[in-house]
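> Provided herewith is a single structure, encoded as structure tokens, for subsequent inquiry.
2 protein chains.
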Amino acid sequence: MSSNVSVTTDIVIFTIRDEALKILLIRRGAKPYKGRWALPGGFLHAEEDIDDCARRELREETGVSGVYLEQLYTFGHPKRDPRGRVVTIAYYALIPSERVQLQAATDAEAVGWFSMDELPRLAFDHDAILTMAHERLVAKLNYSTIAFQFMPEQFTLSDLQAVYEIIRQEPVDKRNFRKWVLGLGHIEETGEERREGTMRPARLYRTKYRDTVAIIK
Amino acid sequence: MSSNVSVTTDIVIFTIRDEALKILLIRRGAKPYKGRWALPGGFLHAEEDIDDCARRELREETGVSGVYLEQLYTFGHPKRDPRGRVVTIAYYALIPSERVQLQAATDAEAVGWFSMDELPRLAFDHDAILTMAHERLVAKLNYSTIAFQFMPEQFTLSDLQAVYEIIRQEPVDKRNFRKWVLGLGHIEETGEERREGTMRPARLYRTKYRDTVAIIK
DNA sequence: CAATAATAGTGTCAATTTAACACTTAGTCA
DNA sequence: TGACTAAGTGTTAAATTGACACTATTATTG
Numbered sequence: 004m005s006s007n008v009s010v011t012t013d014i015v016i017f018t019i020r021d022e023a024l025k026i027l028l029i030r031r032g033a034k035p036y037k038g039r040w041a042l043p044g045g046f047l048h049a050e051e052d053i054d055d056c057a058r059r060e061l062r063e064e065t066g067v068s069g070v071y072l073e074q075l076y077t078f079g080h081p082k083r084d085p086r087g088r089v090v091t092i093a094y095y096a097l098i099p100s101e102r103v104q105l106q107a108a109t110d111a112e113a114v115g116w117f118s119m120d121e122l123p124r125l126a127f128d129h130d131a132i133l134t135m136a137h138e139r140l141v142a143k144l145n146y147s148t149i150a151f152q153f154m155p156e157q158f159t160l161s162d163l164q165a166v167y168e169i170i171r172q173e174p175v176d177k178r179n180f181r182k183w184v185l186g187l188g189h190i191e192e193t194g195e196e197r198r199e200g201t202m203r204p205a206r207l208y209r210t211k212y213r214d215t216v217a218i219i220k
Numbered sequence: 004m005s006s007n008v009s010v011t012t013d014i015v016i017f018t019i020r021d022e023a024l025k026i027l028l029i030r031r032g033a034k035p036y037k038g039r040w041a042l043p044g045g046f047l048h049a050e051e052d053i054d055d056c057a058r059r060e061l062r063e064e065t066g067v068s069g070v071y072l073e074q075l076y077t078f079g080h081p082k083r084d085p086r087g088r089v090v091t092i093a094y095y096a097l098i099p100s101e102r103v104q105l106q107a108a109t110d111a112e113a114v115g116w117f118s119m120d121e122l123p124r125l126a127f128d129h130d131a132i133l134t135m136a137h138e139r140l141v142a143k144l145n146y147s148t149i150a151f152q153f154m155p156e157q158f159t160l161s162d163l164q165a166v167y168e169i170i171r172q173e174p175v176d177k178r179n180f181r182k183w184v185l186g187l188g189h190i191e192e193t194g195e196e197r198r199e200g201t202m203r204p205a206r207l208y209r210t211k212y213r214d215t216v217a218i219i220k
């Protein structure tokens, strides 16, 4: 009756780093696709919820927890894994830029951050998963506060605008952006300023609802 | 390694009938939850794609094929099925009103169409699945042509408007609706009219892109 | 201490989109 | 031919969106 299917979760882990949207990939050490880059992922444990499985994989690969994680889609073509029948529940996660730096040291060899425009060939159907995750992220910028999940505790409006510009791959009008984002009522001034180099200091903001992604308008 | 998980698909089948949005449920004949109503669904076959599995279930329960079917979400809480570990990939399908009539005869006993506001208690976590499907459908009305999937070959603008009103559960302005829907450019006049009773005949329309759901604006 | 360099911060107006609203038309039947 | 019933049709005000350029603040340097 059960037809003996293996179930895994794979995660598309996004962050913003070096002015670019990056994805975490892992170089496979075993067959199949040995040596190819792949999404982090792993088998569902016996008594584990699928969200927990994804969270566990995320923690194992990046050390981070408590970040935004959302189920994306389930991929189950019978031939997607040459080893046998493997259904994978794909997730995507968003990690604030700061947290990534902390992890830069781990495992240096087998793990890498890649820009969307310099992706290597991927194992399995991971390119399809990644493409779908990217489309979802871009779409969600327009009707949710998902972008805030990339921000550190405190950030400037220019920082936040940069996230939108990097993901959208096009410039955003500064005044309209500020009007819009302040009008949302989801961020507030911390009262502090960031001064850097020889320029006018920028006001710092924080998100009011740290780990909620709101649907807007 | 595979932890022996069973995989099923469950389907939320929507149609519009008797001025209401209805969902197809099946009365369970076996334990667990014997006698309770449940979503149609079944186990994934060995060499079957998951979409095909859902389509097969849909055809088995309703006799229809070639209708709109979309993957919804995957539910995998370890305790969601008392028999053991079952991960279910939930889908939802939209069936045009006309096609339903044809199936009214089948299996009369064990199958039933239920309005959203007169739902019985459901087996497993099927109420959560159904709620999510309903939310998705309502959301998609606003940014896609998904509602057209409920329409027969030919329909009037009033027919189409009724679909929006039934799903939204609120009246829609007739003139604004017509302006909007004609402006989309996704339907065209057939040239024919429907005359019924003692009223002015209504122009008939058809969708231009039969089995595509477009994302709009 | 004045000039410069670099980013932060700010408002208006036109264009577009959305939302509200009521009467005429075409047909059937009595 | 009058009455009934749903079909069909435009205008206007309000709200939203999008385009656009200058002043403010700081640190550094001559």
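Chains as they are written, first to last, in my numbering: chain D, 4 to 220; chain Z, 4 to 220. Ideal Cβ placement from N, Cα and C applies to all residues, glycine included. Here the structure is a predicted model, which means the values were calculated and not measured.
For Z/Tyr71, write down the residues that DSSP places opposite it in a beta bridge.
Looking up residue 71 of chain Z in the second sequence gives position 68. In the DSSP output, where bridge partners are listed per residue, Z/Tyr71 has Z/Leu97.
> Pair every Cβ in the stretch 42-61 of chain D with every Cβ in the stretch 20-32 of chain D, then say whether three or more of these pairs are closer than 8 angstroms.
Because the criterion of three Cβ pairs below 8 angstroms is met, the stretch 42-61 of chain D and the stretch 20-32 of chain D touch.
> So with Cβ pairs under 7 angstroms, would you call Z/Pro155 a contact of chain D?
As a first step, residue 155 of chain Z must be located in the second sequence, where it is residue number 152. For Z/Pro155, the answer is no, since every Cβ of chain D falls outside 7 angstroms of its Cβ.
> Going by other Cβ atoms of all chains shown within 10 Å of its Cβ, with 16 needed for buried, is Z/Glu60 buried or exposed?
For the purposes of this step, residue 60 of chain Z is taken as the residue at position 57 of the second sequence. It counts as buried.
> Return the Cβ separation of D/Tyr208 and D/Glu191 in integer angstroms, given the expectation that the two are a contact with Cβ distance under 8 angstroms.
One-based indexing of the first sequence puts residue 208 of chain D at position 205. One-based indexing of the first sequence puts residue 191 of chain D at position 188. Between D/Glu191 and D/Tyr208 the Cβ distance is about 6 angstroms, and since that is below 8 angstroms, they are a contact.
> For the 8 angstroms Cβ check, are there 3 or more pairs between the stretch 129-149 of chain D and the stretch 70-81 of chain D?
Yes: the two stretches touch, three or more of their Cβ pairs being nearer than 8 angstroms.
> Would Z/Asp52 count as contacting chain D if we go by Cβ distances under 7 angstroms?
Taking the first residue of the second sequence as 1, we reach residue 52 of chain Z at position 49. Answer yes: the Cβ-Cβ gap between Z/Asp52 and chain D drops below 7 angstroms somewhere.
> Taking only beta-carbon positions, decide if Z/Pro123 is within less than 7 angstroms of chain D.
If you number the second sequence from 1, residue 123 of chain Z lands on position 120. So no, Z/Pro123 is outside the interface.
> Let me know the secondary structure DSSP gives D/Glu156 once reduced to three states.
Counted from its first residue, the first sequence places residue 156 of chain D at position 153. Residue state, collapsed to three classes: coil.
> Does the beta-carbon of D/Arg9 have 16 or more other beta-carbons within 10 angstroms, so that it is buried, or is it exposed?
In the first sequence, counting from the first residue as 1, residue 9 of chain D sits at position 6. Position check: residue 9 of chain D holds Ser in this sequence, whereas Arg was assumed. Classification for D/Ser9: buried.
> On a Cα-Cα basis, can you pick out the residue from Z/Asp13, Z/Ala23, Z/Ile98 and Z/Glu138 that is closest to Z/Glu168?
For the purposes of this step, residue 168 of chain Z is identified with residue 165 of the second sequence, where counting begins at 1. It is Z/Ala23 whose Cα lies nearest to the Cα of Z/Glu168.
> By the criterion of Cβ-Cβ separation under 9 angstroms, what are the contact partners of D/Thr215 in chain Z?
Here the question's residue 215 of chain D lines up with position 212 in the first sequence. Chain Z residues near D/Thr215: none, gap ~17 angstroms exceeds 9 angstroms.
> Taking the beta strand (DSSP E) that D/Phe46 falls in, what are its first and last residues?
One-based indexing of the first sequence puts residue 46 of chain D at position 43. Counting along the chain, the beta strand (DSSP E) containing D/Phe46 begins and ends at Gly44 to Phe46.
> Output, in chain order, the set of chain D residues within a Cβ distance shorter than 7 angstroms of Z/Leu207.
Within the second sequence, numbered from 1, the residue matching residue 207 of chain Z stands at position 204. Simply none; closest approach about 35 angstroms.
> Which two residues bound the contiguous alpha helix (DSSP H) that contains D/Gly186?
For the purposes of this step, residue 186 of chain D is taken as the residue at position 183 of the first sequence. Taken as a continuous stretch (DSSP letters only), the alpha helix (DSSP H) holding D/Gly186 covers Lys177 to Leu187.
> What does a CB cutoff of less than 8 angstroms around D/Phe221 pick up in its chain, not counting 5 residues either side in sequence?
With chain D covering only 4 through 220, there is no way to say anything about residue 221 of chain D.
> I need the boundaries of the alpha helix (DSSP H) containing Z/Thr65, first residue and last residue.
Indexing the second sequence from 1 puts residue 65 of chain Z at position 62. Element bounds for Z/Thr65: Ile53 to Thr65.
> Applying the criterion that 16 or more other CB atoms from any shown protein chain within 10 Å of the CB defines a buried residue, is Z/Thr215 buried or exposed?
Mapped onto the second sequence, residue 215 of chain Z falls at position 212. Z/Thr215 comes out exposed.
> Taking Z/Ala33 as the query, report the chain D residues whose CB atoms sit under 8 angstroms from its CB, ordered along the chain.
Taking the first residue of the second sequence as position 1, residue 33 of chain Z is located at position 30. Going along chain D, no residue has its Cβ under 8 angstroms from Z/Ala33, so there is no contact; the nearest lies around 12 angstroms.
> At what residues does the beta strand (DSSP E) containing Z/Glu195 begin and finish?
Walking along the second sequence from the start, residue 195 of chain Z turns up at place 192. Start and end: Ile190 to Arg197.
> Indicate whether D/Phe153 and D/Leu97 have their beta-carbon atoms separated by less than 7 angstroms.
In the first sequence, the residue the question calls residue 153 of chain D occupies position 150. In the first sequence, the residue the question calls residue 97 of chain D occupies position 94. Yes, Cβ-Cβ distance for D/Phe153 and D/Leu97 is below 7 angstroms.
> Exposed or buried, Z/Thr201, counting other C-beta atoms within 10 Å across all chains shown (16 or more means buried)?
Reading the second sequence from its first residue, position 198 is the one you call residue 201 of chain Z. Exposed, since its Cβ has fewer than 16 Cβ neighbours within 10 Å.
> Using a cut-off of 7 angstroms between C-beta atoms, extract the partners of D/Pro81 located in chain Z.
As a first step, residue 81 of chain D is located in the first sequence; it is residue number 78 there, counting from the start. Neighbours of D/Pro81 on chain Z, chain order: Glu50, Glu51 and Asp52.
> Can you tell me whether D/Leu72 is buried or exposed? The criterion is at least 16 other CB atoms within 10 Å of its CB, across all chains shown.
Residue mapping note: residue 72 of chain D aligns to position 69 of the first sequence, counting from 1. Buried, because 16 or more other Cβ atoms sit within 10 Å of the Cβ of D/Leu72.
> Where in the stretch 13-43 of chain Z do unbroken runs of the beta strand (DSSP E), each at least 3 residues long, occur, reported from the N-terminal end onward?
The qualifying runs are 23-30.
> For D/Thr77, would you say it is in contact with chain Z, using Cβ-to-Cβ distances shorter than 7 angstroms as the test?
To locate residue 77 of chain D, count along the first sequence from 1; it is residue 74. Output row for D/Thr77: interface = yes.
> Tell me which residues of the stretch 86-99 of chain D have at least one Cβ-Cβ distance to chain Z shorter than 9 angstroms, keeping chain order.
Those would be Gly87, Arg88, Val89, Val90 and Ile92, in chain order.
> Kindly give me the distance between the Cβ atoms of Z/Ala57 and Z/Ile14, rounded to whole angstroms, as I take these residues to be in contact under 8 angstroms.
In the second sequence, counting from the first residue as 1, residue 57 of chain Z sits at position 54. In the second sequence, counting from the first residue as 1, residue 14 of chain Z sits at position 11. At roughly 6 angstroms, the Cβ-Cβ gap stays under 8 angstroms, so Z/Ala57 and Z/Ile14 are in contact.
> If you draw a straight line from the alpha carbon of Z/Val170 to that of Z/Ala150, how long is it in whole angstroms?
If you number the second sequence from 1, residue 170 of chain Z lands on position 167. If you number the second sequence from 1, residue 150 of chain Z lands on position 147. It should be pointed out that residue 170 of chain Z corresponds to Ile in this sequence rather than to Val. C-alpha separation (whole angstroms): 9 angstroms.
> Which of helix, strand or coil does DSSP assign to D/Leu122?
Here the question's residue 122 of chain D lines up with position 119 in the first sequence. D/Leu122: coil per DSSP, three-state reduction.
> Along chain Z, which residues have their Cβ under 8 angstroms away from the Cβ of D/Leu47?
Your numbering for residue 47 of chain D matches position 44 in the first sequence. Under the 8 angstroms cutoff, chain Z gives Ser6, Val8, Gly79 and Val90.
> Starting from D/Gln74, find everything on chain Z with Cβ-Cβ shorter than 7 angstroms and list it in chain order.
On the first sequence, residue 74 of chain D is found 71 positions in, with the first residue counted as 1. Near D/Gln74 (Cβ distances below 7 angstroms), the residues of chain Z are Tyr76 and Thr77.
> Given that a residue counts as buried once 16 or more other Cβ atoms are within 10 Å of its Cβ, and exposed if not, what is Z/Asp84?
As a working note, residue 84 of chain Z is residue 81 in the second sequence. Counting Cβ neighbours within 10 Å, Z/Asp84 comes out buried, since at least 16 surround it.
> Take the Cβ of D/Glu173 as the centre, count every other Cβ of all protein chains shown within 10 Å, and call the residue buried at 16 or more, exposed below.
In the first sequence, counting from the first residue as 1, residue 173 of chain D sits at position 170. It counts as exposed.
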